[in-house]
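Below: one structure, written as structure tokens.
Protein chains: 2
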Amino acid sequence: MKTNDKRREKPGEKKPNPLGITVKKADDMPEWYGQVVTKAELADYAPVKGCMIIRPHGYALWQSIMDYFNRRLDEHHVKNAYFPLFIPESFFEKEAEHAKGFSPEVAWVQNKDEGSQERLAIRPTSETIMYDAYARWIRSWRDLPLRINQWCNIVRWEVSDVKLFLRSREFLWQEGHCVYETEEECDREVRIFLDEYTGLCEHLLALPVIAGRKTEKEKFAGAKYTTTIEAFMPDGKALQCGTSHNLGQGFAKTFGISYVGKDEKEHHPWQNSWGISTRLIGATILMHGDDKGMVMPPAVAHTQGVIVPIYRDKDKEEVLAQAKKLSASLKGFSIVLDDREGFSPGWKFNEWELKGIPVRIELGPRDIEKRSCVLVRRDTGEKKDVSWKTLNESFSTLLDAIQRSLFEKAKKHLEESIRKVTSYTQLKKAIGERRLVLAPFCGAISCEEKIKEDTGGATARCIPFDQPALGDHQCVACGKKAKHWAYFSKNY
Amino acid sequence: MKTNDKRREKPGEKKPNPLGITVKKADDMPEWYGQVVTKAELADYAPVKGCMIIRPHGYALWQSIMDYFNRRLDEHHVKNAYFPLFIPESFFEKEAEHAKGFSPEVAWVQNKDEGSQERLAIRPTSETIMYDAYARWIRSWRDLPLRINQWCNIVRWEVSDVKLFLRSREFLWQEGHCVYETEEECDREVRIFLDEYTGLCEHLLALPVIAGRKTEKEKFAGAKYTTTIEAFMPDGKALQCGTSHNLGQGFAKTFGISYVGKDEKEHHPWQNSWGISTRLIGATILMHGDDKGMVMPPAVAHTQGVIVPIYRDKDKEEVLAQAKKLSASLKGFSIVLDDREGFSPGWKFNEWELKGIPVRIELGPRDIEKRSCVLVRRDTGEKKDVSWKTLNESFSTLLDAIQRSLFEKAKKHLEESIRKVTSYTQLKKAIGERRLVLAPFCGAISCEEKIKEDTGGATARCIPFDQPALGDHQCVACGKKAKHWAYFSKNY
């Protein structure tokens, strides 16, 4: 039987802390994460195995990411488009490595058309369907570079256990697919888009990342090489935040993309592709959330401040009127005035903290007497009296401070997590201590497999662009001459 | 063998008019439409039967529609979210009429999970998957109204012949799904969202529409009633541009959505749903396009003006420099400076006309002497010398004039197409003349079926909100007392 105060008892929640998170982040991060995501109403489990529902509070983060990135795409002359969800099976088979890489993950829809036996894949990525069109559209050097992006849903079936935002059968992403005349141009823009991802992670999500190249084992199926940015979560696991691939000329040859150059001869162009997904939201939650719930970086928050009026019956009218004025005066910021009836200020404080709104603005009768209000930082809990006169400036300064502080804290965590090792014993020990391990590596797939087995799952995260001097170090796994330093760790 | 000038010979195009449309709109509208969509690079056919590729030039229109409508949604406190693509078969079966209405159209994916035999639908609409979640989320009157929207792809398999944007197996849309305490609130907002669609069509797309209620035969499967806006195309066919349904309490009862009211008793809420899709782009092309190609209403155009510099070698530097200055001076507008090499001005004129950019700005040495430029309207071809000094103001005025003129022309067409009839003979004649026929109607499904059969396909488009006096008119089909005036016509 439902009762009238069910609003305070969200389904599945435990008493006596009806709204809050019941485990500490440090004690049980997977349980903590699941509670934050569902209780802060960022996402929910769907009745379809492996799928998720992105709730409005979570979708708003994705909208911020889309808005930010669309502006960046515009700067780089990338245009948005939309390609079909369904991809004929024969398209996948054309590029052998690509087909091999994706085949276990593909969901198939039975083609009901009479006379057609070909199965249709539900896109796990769109290279093949897009490049078939590119082959028809591209004729001359005048058509290049061609830079197209799409925002869409993606399906990869082989998910055993769903982790909301981080691992699910369906997720949202963007995939950019560009075509160039020369290898140099292609290389240059592979890096440009990777750097844009770094900018997005660092400036919008306050997530510091390490940029580098993927090893042969970890590169994208069908790519010449893959570049990546990797963040490092508080539980000692890396999280791949975005990848940018140089596809070489392989797909162009397979799909018959060619252009007539200025030399009047026919050439195959060079291609890259690059993507980020809704898992970035998961990374943001994992990195910044705390025992009270979500912590939104102000730059990505759809609501930057919430005004909670505090009053007794006799003050109500005055306090609400003044709260409205304050809300209106905070121009250029996204502010919610929480004037809901039937909820105590304390209950509201808890809810907005759980949801991670960067700043709470408290306004009560005593504040009005002083013509001030109280700003409370979500990340530190720090309170500050602020005069109405300087509210706009103080609020803006505070948002900047929170954004910077979240980034710096995460950066410190990243730096302190790195262990540079030169022996296999050191590597195994550091992995056991949940570090991000930088080790000399020969590049062999067999060495990666050995490391993964001996450490209970650590993988090569990347060969960082920023390489320390290698000297004559030997590969930690096989003892042969190392080719570069590479990062190893467990990962999401 | 490809040659270097393939850029001018788009695949599948006929000479001697390599870029342009080879049929007149008035002569063969289906062929004309297909040519405009593909040659203006708005969309393309996909290698998957029934599917389309929305190319950047077309997707930009969808982006404008999304941007506009997201702002409107915000005003109405509607939040965006994202629900799964896959819907368990059992969900569909729960609401009998809904299941019956959609079952022929559903594409199924085989559920590969061991131990599960349930098929998964690829969403043809999301009522069922969303309301299953709503049942978990809604507890108290405090949770209402709940207003959620999603932008997503939709799959409806039973498409025999694809018409790009207008009819395809996969398309993009938005679907709003709201829940209210009372019937009155639900009714009111069914109309609010329909009115928003009217606003979008009329102000953004310059498409005049008629608003009304669908007949019993044409209403949404599972709805209490459906409201609609209908545009009327130049070939004498109506095009449904948006619908808003009052779902009553049927889905709430089926999916177990209930809330505890202020009276502390449990109630089923009222629900509505409403949607528009990428077919609005098709409507815009059909309505405004002409024998030269697409005509974009300025309000929805991602590029409002294109500057085409005209020069000989000796003037080149000066003209290009001045063109850049003009481009920069047109602040607040979206302007493209077409400084591509290797294309003649005439070629550029044709291309931008084909693509429907509202205003062309020509700048040559003689214009520079006069410190002016030439503005050319896409819709009328009218040219006007404009001084640099007043360019911003003239450009802005011109955009407004084009937007208004497109709307007025379409409105005139709509008004002139309407035929008010009171007999079956008149109705059949008017349908034969491709009119939008307003006739007294009893509401019976059998009468609609009779009309459809006797006219070779005319359907009831809507019972307009704006009802002339009915008097004692009889239903044109059966002769019984009419209940209201209804519009009939053929349709897309």
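Protein sequence lines correspond, in order, to chains E and Z.
Each residue of the first sequence is one higher than the last, beginning at 1 in our numbering.
Each residue of the second sequence is one higher than the last, beginning at 1 in our numbering.
We put the beta carbon where it would ideally sit given N, CA and C, even for glycine.
Contacts of residue i in chain Z (Cβ-Cβ under 8 Å)
i	result
E:Asp338	Within 8 Å Cβ-Cβ: nothing; E:Asp338 doesn't reach chain Z, min ~13 Å.
Amino acids of chain E, ordered along the chain, whose beta-carbon sits closer than 9 Å to that of residue i
i	result
Z:Asp63	Checking the sequence, you will find Gln at residue 63 of chain Z rather than Asp. Chain E residues near Z:Gln63: Asn70 and Asn80.
Z:Ile192	The contacting residues do not exist; Z:Ile192 stays about 19 Å from chain E at best.
C-beta atoms of residue i and residue j nearer than 8 Å
i	j	result
Z:Ile192	Z:His288	no
E:Cys51	E:Glu185	no
Z:Trp141	Z:Val306	no
Z:Lys224	Z:Leu194	no
E:Ile257	E:Tyr131	yes
E:Thr243	E:Trp270	no
Z:Glu196	Z:Val209	no
E:Thr128	E:Phe91	yes
E:Leu320	E:Asp291	no
E:Trp108	Z:Gln117	no
Z:Ala81	E:Arg55	yes
E:Trp157	Z:Lys112	yes
E:Ile281	E:Leu470	no
E:Pro464	E:Gly199	no
Z:Phe333	Z:Ala206	no
Opposing strand residues paired with residue i [DSSP bridges]
i	result
E:Ile276	E:Gln174
E:Asn491	E:Ala238
E:Glu442	Contrary to the premise, residue 442 of chain E reads as Cys rather than Glu in this sequence. E:Cys442 is not bridged to any residue.
E:Asp385	E:Val374
Z:Glu266	Z:Val260
E:Met52	E:Tyr45
E:Lys420	E:Leu438
Z:Thr226	Z:His245
Z:Cys462	Z:Tyr487
Residue-chain proximity (residue i, chain E), Cβ-Cβ < 8 Å
i	result
Z:Tyr59	yes
Z:Asn350	no
Z:Asp44	yes
Z:Gly342	yes
Z:Ile357	no
Z:Ala40	no
Z:Arg142	yes
Z:Ile122	yes
Z:Pro11	With a pLDDT of 40 at Z:Pro11, under the threshold of 50, the modelled position of that residue is not reliable, and no figure is offered here.
CB contact below 8 Å: residue i versus chain Z
i	result
E:Asn17	Summary for E:Asn17: the model assigns pLDDT 43, below 50, so the residue's position carries little reliability; its value from the coordinates is reported in the next sentence. Closer than 8 Å: no.
E:Ile210	no
E:Ile307	no
E:Lys480	no
E:Asn153	yes
E:Asn4	With a pLDDT of only 38 at E:Asn4, under 50, the local geometry of the prediction cannot be trusted, and the value read off the model is given with reservation. So yes, E:Asn4 belongs to the interface.
E:Lys14	Low per-residue confidence applies at E:Lys14: pLDDT is 32, beneath 50, and the placement is therefore not dependable, though the value from the model is reported in the following sentence. Cβ-Cβ to chain Z under 8 Å: no for E:Lys14.
E:Val23	no
E:Arg7	Summary for E:Arg7: the model assigns pLDDT 33, below 50, so the residue's position carries little reliability; its value from the coordinates is reported in the next sentence. Closer than 8 Å to some Cβ of chain Z, the Cβ of E:Arg7 qualifies, so yes.
E:Gly20	no
Partners in chain C for residue i, counting only beta-carbon separations shorter than 8 Å
i	result
Z:Glu170	Among the chains of the structure shown, chain C does not appear; the protein chains present are E and Z.
Proximal residues of chain E, C-beta to C-beta of residue i below 8 Å
i	result
Z:Ile148	Pro56
Z:Trp108	Val109 and Gln110
Partners in chain E for residue i, counting only beta-carbon separations shorter than 7 Å
i	result
Z:Pro47	Pro88 and Asp132
Residue i: contacting residues in chain Z (beta-carbon distance under 7 Å)
i	result
E:Trp157	Lys112
E:Cys51	Pro84 and Phe86
8 Å contact criterion, which residue i and residue j should meet: CB distance rounded
i	j	result
E:Ile21	E:Val37	With 8 Å as the limit, E:Ile21 and E:Val37 do not qualify as a contact, their Cβ atoms being about 11 Å apart.
Z:Val300	Z:Ile65	7 Å
Z:Cys475	Z:Pro440	6 Å
Z:Ile445	Z:Lys219	Rounded, the Cβ-Cβ distance is 11 Å, inconsistent with contact.
E:Ile418	E:Arg435	7 Å
E:Asn149	E:Glu175	7 Å
Closer than 9 Å at the beta carbon, the chain Z residues around residue i
i	result
E:Trp270	Residues of chain Z passing the Cβ test: none, with the nearest at roughly 18 Å.
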